[in-house]
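First comes the structure, then the notes that go with it.
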Amino acid sequence: MIISLVGYMGSGKSHISKILSEKLNFRLIDLDKEISKRNKLTIPEIFEKKGEIYFRKLEREALEEILATEENVVLSLGGGTPAYYNNMEIINSNSKSIFLKASVGTLSERLSKQKEKRPLIANISDEDLSEFIAKHLFERNFFYGKAQFNITTDNREPEEIVVEIIEKLYL
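Taking the working numbering, the leading residue of the sequence shown gets -8, the next gets one more, and so forth.
And the structure:
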């Protein structure tokens, strides 16, 4: 089984996927880290040197390869991955998809502390961050909503979220 975690940046995909993979004894693959490793560049460097379109092409190639060749994996996807090409259809066809849903307030609070690591919001002021997230989330929720399972993460402990994921997948 491949379990794909989707959601906006800051929704907890990396943290939850780590705990989930340990609990299930599955391999953990973070798609962004995999792309960085393959290209010997960080995601911000790829965006800066080659642009977002090039990054999305690399992302699609890595996604297809992982979904076609891996087993017993928790796959943590980038926030934009579901919104490009027909990625969400491929994710749903080849894995169990889980949307980790967080409110604009929660996302703004988390992301304001991580802006330097996030190329899409690095140059957005703290005052404008909530509005940017709200607009972006509005655009992407259509794709996230195609996930097979939705789990709200606001004000919840990661372990509690992991238990709910396992229950939804195995019951």
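For glycine and all other residues, C-beta sits at the position ideal for the given N, C-alpha and C.
According to DSSP, L66 shares a beta bridge with S(-5), I20. Look at L91 here: in three-state DSSP terms it is strand. 8 Å or more divides the Cβ of A53 from the Cβ of R18. Between the alpha carbons of G71 and R131 lies a gap of roughly 8 Å. Shortest Cα-Cα distance from G(-2) to any of I81, S67, T60, A113 involves S67.
For N78, the enclosing alpha helix (DSSP H) begins and ends at 78 to 85.
For T33, the secondary structure class from DSSP, reduced to helix, strand or coil, is coil.
With respect to S12, V65 sits close: the two C-beta atoms are nearer than 8 Å.
According to the DSSP assignment, N146 belongs to no alpha helix (DSSP H), since it is labelled neither H nor E.
Counting along the chain, A59 sits inside the alpha helix (DSSP H) bounded by residues 43 to 60. Taking the C-beta atoms as reference points, I157 is found no nearer than 8 Å to L91. Look at the beta carbons and you see the segment 130 to 146 touching the segment 76 to 91: at least three pairs across the two are nearer than 8 Å.
Counting along the chain, the unbroken alpha helix (DSSP H) around Y135 starts and ends at 117 to 135.
Counting only residues of its own chain and dropping the five nearest sequence neighbours on each side, Y75 has a CB closer than 8 Å to the CB of R47, E50, R51.
When the beta-carbon positions are compared, L(-4) and K4 come within less than 8 Å of each other. Rounded to whole angstroms, the separation of the alpha carbons of D145 and K104 is 17 Å. Where K14 is concerned, the enclosing alpha helix (DSSP H) starts and stops at 4 to 15.
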